[in-house]
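Here is the structure we will look at, set down as structure tokens.
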Amino acid sequence: MATYSVAVIVGSLRKESFSLKIAKALEKLAHPSLTFDIVTLGGLSFYNQDLEATPPADWVAFRDRVRKADAVLFVTPEYNRSVPGVLKNAIDVGSRPYGKSAFDGKPAGIISNSPGAIGAFGANHHLRQSLTFLNMPILQQPEAYIGGIGDAFDDKGDLVKDSLREFLTKYLAAFAAWVAQQKK
Ligand SMILES: Cc1cc2nc3c(=O)[nH]c(=O)nc-3n(C[C@H](O)[C@H](O)[C@H](O)COP(=O)(O)O)c2cc1C
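Here the numbering used here is used: the first residue of the sequence shown is 63, the next is one more, and so on.
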């Protein structure tokens, strides 16, 4: 069975981030055809087109990490019904310089989450708009709007909500099949 590497980009900087916990839970679910590189965005400086002549080392490292991956999975919360600024910045950094986007053509998935009921639907779909422009084929089904994330993890960060474990397992199976199909 072929193995595909997945850059899992986490849209929150918070130490106790639910998005980060979901990313780690995905890794622990250990799908046989996927390996994960969890990418956090704390060290990524703001995009500034003036710096492209000599891009900051953190941009270069981020672009390389995305470039190396076969696929990209975004795990993100919603801020004010949209994508958190740190994640939008990462998309902007990875997408440039023009014509050399690290994201170009990579199969993608989006898992949005919230303690609230709507599961960060707004962030999920704003992100879809950018990824479509970036020529990233996005897994359509199952959609992943995870609401009520507040009781999904214990004090150690382990996933304790069986319904979510089941859903993430199914999601990974669909994502792995999608990546394999795109990489044919
Ligand atoms: C600036 C800000 C805006 C937020 N806006 C939303 C929102 O629009 N929708 C929502 O469901 N939750 C919103 N929240 C609550 C987040 O879903 C919650 O803080 C979540 O835990 C953040 O994700 P994380 O756990 O991965 O850090 C917002 C939180 C912050 C700090």
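Glycine included, every Cβ here is placed at the ideal spot set by N, Cα and C. These numbers were taken from a predicted model, which means no experiment stands behind them.
Simplified DSSP state of aspartate 112, which is helix, strand or coil = helix
Give the secondary structure of leucine 106 by DSSP, where H, G and I count as helix, E and B as strand, and everything else as coil.
-> coil
Minimum C-alpha distance to phenylalanine 195 - residue among Gly105, Gln203 and Lys168 | Lys168
Report yes if the C-beta of asparagine 142 is less than 6 Å from at least one heavy atom of ligand 1; otherwise report no.
-> yes
Are glycine 73 and threonine 138 closer than 7 Å when you measure CB to CB?
-> yes
Would you kindly report the start and end of the unbroken beta strand (DSSP E) that includes asparagine 175?
-> Segment 170-175, the beta strand (DSSP E) holding asparagine 175.
Pull up the CB-CB distance for proline 204 and tyrosine 160, whole angstroms please, since I reckon it's below 8 Å.
-> Contact between proline 204 and tyrosine 160 is ruled out by a C-beta separation of about 34 Å, above the 8 Å threshold.
Just how far apart, CA to CA, sit leucine 75 and arginine 227?
-> Computed Cα separation, rounded: 23 Å.
Under 7 Å Cβ to Cβ from histidine 188, same chain only, skipping five residues before and after it: list those, please.
-> Ser144 and Val145
Going along the chain, which residues of its own chain have a beta-carbon closer than 6 Å to the beta-carbon of leucine 82, five neighbours each way excluded?
-> Val72
What do you get for valine 122, buried or exposed, if any count of 16 or more other CB atoms within 10 angstroms of its CB means buried?
-> Label assigned to valine 122: exposed.
Expected contact under 8 Å - CB spacing of threonine 102 and serine 67 to nearest Å | That pair is no contact at about 17 Å.
Answer yes or no: the CB of phenylalanine 136 versus the heavy atoms of ligand 1, is any distance below 6 Å?
-> no
Look up isoleucine 180 in the DSSP assignment and say whether it is helix, strand or coil.
-> coil
Cβ-heavy atom distance between serine 81 and ligand 1 below 6 Å?
-> yes
With a cut-off of 8 Å on the beta carbons, I'd call arginine 127 and alanine 85 a contact; round off their distance for me.
-> Arginine 127 to alanine 85, Cβ: 14 Å. No contact.
Within 10 angstroms of the Cβ of glycine 212, are there 16 or more other Cβ atoms? Answer buried if so, exposed if not.
-> exposed
Around the Cβ of phenylalanine 108, are there at least 16 other Cβ atoms within 10 angstroms (buried) or fewer (exposed)?
-> exposed
Contact test: proline 139 Cβ vs ligand 1 heavy atom, cutoff 6 Å | yes
For the beta strand (DSSP E) that valine 101 lies in, which residues bound it at each end?
-> 96-101
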